[in-house]
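Q: Numbering (our numbering), first residue to last: 449 to 682. One structure follows; several queries about it will come next.
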């Protein structure tokens, strides 16, 4: 156990040395950080793993990131982010991967990882972690909808949103919330295309057949009809 902890600690030394060298933290502060991390590393190496230990470690590292951000503003030093923040962020992602692999049924853990990625503006990671979560929790309609809404509203990707809803419907073909969200999104997409065409001054004859079908609401109509077939009495 001790040798694995020692290896992990040695990997942290460069970032701590940088933090001290550029004046973000004092030597006393970096030693305190190192001591805290060592305690957490030993906890994670115990035979019986506890999700609270992982989450406390993650929270501590997030707090370190906040401290670094505050100190950077104070000393007006904005270099060496790869050596410092990137290293810490990678550690947090790794801790999240470890805890979600060990406790995959806990949706809150997955959502916490996604929330952290959102806070770092890591859109590619948000998409990736939504996908990984849905591979495990593919019978939860609310999660498919949450992921699709993020793709539509935050990632500006109607295609990804549509693909997620279609996947969700494959697993939950009689889910009324999924079908309603799919229908709603197709209507919104049609309206978005109409507004874009109006702003750009594009004439009807200049649009292709696929765009026309969306603009005319044919796609939304097909979704509506399929929903009725899938959910009798809707």
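We put the CB at the ideal spot given by N, CA and C, even for glycine.
(1) Since I believe residue 628 is in contact with residue 617 (beta carbons under 8 Å), could you give me their beta-carbon distance rounded to a whole number of angstroms?
(2) Give me the Cβ distance between residue 493 and residue 523, rounded to the nearest whole Å; I'm assuming they're in contact under 8 Å.
(3) Can you check which of these residues, 553, 544, 547, 511, is closest to residue 533 by C-alpha distance?
(4) By DSSP, does residue 507 sit in helix, in strand, or in coil?
(5) My understanding is that residue 457 touches residue 482, with C-beta atoms under 8 Å, so please give their C-beta distance in whole angstroms.
(6) Please look up how many angstroms separate the CB atoms of residue 526 and residue 520, rounded, as I've assumed it's under 8 Å.
(7) Using beta-carbon positions only, say whether residue 596 and residue 633 come within less than 9 Å of one another.
(8) Between 499, 668, 535, 572, which has its C-alpha nearest residue 466's C-alpha?
(9) For the candidate residues 531, 468, 598, 612, whose alpha-carbon lies nearest to that of residue 559?
(10) Please report the distance separating the alpha-carbon of residue 668 from that of residue 568.
(11) Expressed to the nearest angstrom, what Euclidean distance is found between the alpha-carbon atoms of residue 579 and residue 624?
(12) So residue 587 and residue 619 are supposed to be a Cβ contact under 8 Å. How far apart are they, rounded?
(13) Only counting the same chain, and skipping five residues up and downstream in sequence, which positions put a Cβ closer than 7 Å to that of residue 565?
(14) Closest to residue 675 by C-alpha separation, out of 644, 622, 641, 637, would be which residue?
(15) How far does the alpha helix (DSSP H) with residue 590 in it reach, from first residue to last?
(16) Can you tell me the Cβ-Cβ gap for residue 686 and residue 543, rounded? I've got them flagged as a contact below 8 Å.
(17) Reducing DSSP to helix, strand and coil, say where residue 538 ends up.
(18) Using CA coordinates, which residue listed in 614, 561, 606 is at the minimum distance from residue 639?
(19) Along the chain, where does the alpha helix (DSSP H) containing residue 462 start, and where does it finish?
(20) Mapping DSSP to helix, strand and coil, what is residue 611?
(21) What span of residues does the alpha helix (DSSP H) with residue 530 cover, start to end?
(22) Would residue 528 and residue 470 qualify as a contact pair, given that the criterion is a beta-carbon distance under 9 Å?
A: Answer, in terms of the structure:
(1) Along the chain shown, read from residue 1 onward, the residue named residue 617 stands at position 169. Along the chain shown, read from residue 1 onward, the residue named residue 628 stands at position 180. Actually they are not in contact, since the Cβ atoms of residue 617 and residue 628 sit about 11 Å apart, beyond 8 Å.
(2) Position 45 of the chain shown, counted from the start, is the residue given in the question as residue 493. Position 75 of the chain shown, counted from the start, is the residue given in the question as residue 523. So it is not a contact: roughly 35 Å between Cβ atoms.
(3) One-based indexing of the chain shown puts residue 533 at position 85. Selected option, being the one with the closest Cα: 511.
(4) Numbered from 1 along the chain shown, position 59 holds the residue referred to as residue 507. Residue 507: helix per DSSP, three-state reduction.
(5) Within the chain shown, numbered from 1, the residue matching residue 457 stands at position 9. Within the chain shown, numbered from 1, the residue matching residue 482 stands at position 34. Right, the Cβ-Cβ distance comes to about 7 Å (below 8 Å), so this counts as a contact.
(6) If you number the chain shown from 1, residue 526 lands on position 78. If you number the chain shown from 1, residue 520 lands on position 72. That belief holds up - the Cβ atoms of residue 526 and residue 520 are roughly 6 Å apart, short of 8 Å.
(7) Taking the first residue of the chain shown as position 1, residue 596 is located at position 148. Taking the first residue of the chain shown as position 1, residue 633 is located at position 185. It is a contact, given that the beta carbons lie within the stated cut-off.
(8) One-based indexing of the chain shown puts residue 466 at position 18. When each option's Cα is compared against that of residue 466, the closest is 535.
(9) By one-based count along the chain shown, residue 559 stands at place 111. Measuring from the Cα of residue 559, the nearest candidate turns out to be 598.
(10) Here residue 668 is taken as the residue at index 220 of the chain shown, counted from 1. Here residue 568 is taken as the residue at index 120 of the chain shown, counted from 1. If you take the alpha carbons of residue 668 and residue 568, they lie about 35 Å apart.
(11) Indexing the chain shown from 1 puts residue 579 at position 131. Indexing the chain shown from 1 puts residue 624 at position 176. So the two alpha carbons sit approximately 22 Å from each other.
(12) As a first step, residue 587 is located in the chain shown; it is residue number 139 there, counting from the start. As a first step, residue 619 is located in the chain shown; it is residue number 171 there, counting from the start. Contact flag correct, Cβ pair sits at about 6 Å.
(13) For this step, residue 565 is matched to residue 117 along the chain shown. Correct list, in chain order: 573, 574, 577.
(14) Locating residue 675 in the chain shown gives position 227, counting from the first residue. If we check each option's Cα against that of residue 675, 622 comes out closest.
(15) By 1-based counting over the chain shown, the position of residue 590 is 142. For residue 590, the enclosing alpha helix (DSSP H) covers residues 589–601.
(16) Missing from the structure shown is residue 686; the chain here goes from 449 to 682 and no further.
(17) By 1-based counting over the chain shown, the position of residue 538 is 90. Of the three classes helix, strand and coil, the one that applies to residue 538 here is helix, per DSSP.
(18) Stepping through the chain shown from its first residue, residue 639 is reached at position 191. Of the candidates 614, 561, 606, the one whose C-alpha sits nearest the C-alpha of residue 639 is 606.
(19) The sequence position of residue 462 within the chain shown is 14, counting from 1. Taken as a continuous stretch (DSSP letters only), the alpha helix (DSSP H) holding residue 462 covers 450–469.
(20) Against the chain shown, residue 611 aligns to sequence position 163. Helix.
(21) Counting from 1 along the chain shown, the entry for residue 530 is found at position 82. First-last for residue 530: undefined, no H or E at that position.
(22) Numbered from its first residue, the chain shown carries residue 528 at position 80. Numbered from its first residue, the chain shown carries residue 470 at position 22. With contacts defined by Cβ atoms closer than 9 Å, residue 528 and residue 470 form a contacting pair.
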